[in-house]
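To get the numbering used here, take the position in the sequence shown, counting from 1, and add 92. Just so it is clear, CB atoms sit at the ideal spot from N, CA and C, and this is done for glycine as well. Data first, discussion second: the structure below is written as structure tokens.
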Amino acid sequence: EMLEMKQNVRRLVFDNANEEDLRLAAAANGMVPLRDAAFRKIFAGVTTSHELLRVTVQEY
């Protein structure tokens, strides 16, 4: 994932915003989450669901 630090996101970071507010601002600026981008690649035939899970599974 790449997040361009536009002014609105920068302000949220400096203000110690919560994760959800940061995520919403990033999405509003056009950031596509890794998992969403991977699904697009699966549907386009560029990668597999196995690769998606290998790269994006989070440990809890």
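Rounded to whole angstroms, what's the CA-CA distance from residue i to residue j? Just pull it up for me.
| i | j | result |
| --- | --- | --- |
| K98 | N121 | 8 Å |
| Y152 | E111 | Because Y152 carries a pLDDT of 44, less than 50, the predicted location of this residue cannot be relied on, and no value is offered for it. |
| A130 | F106 | 30 Å |
Tell me which same chain residues have a C-beta within less than 8 Å of the C-beta of residue i, skipping the five on either side of it?
| i | result |
| --- | --- |
| M94 | M123 |
Using 8 Å for Cβ pairs, my map puts residue i next to residue j. What's the rounded Cβ distance?
| i | j | result |
| --- | --- | --- |
| R127 | T148 | 5 Å |
| I134 | L144 | 6 Å |
| L104 | A119 | Not a contact, Cβ separation roughly 13 Å. |
Apart from the five residues just before and just after residue i, which ones in its own chain have a Cβ nearer than 6 Å to its Cβ?
| i | result |
| --- | --- |
| R102 | none |
| N100 | A117 |
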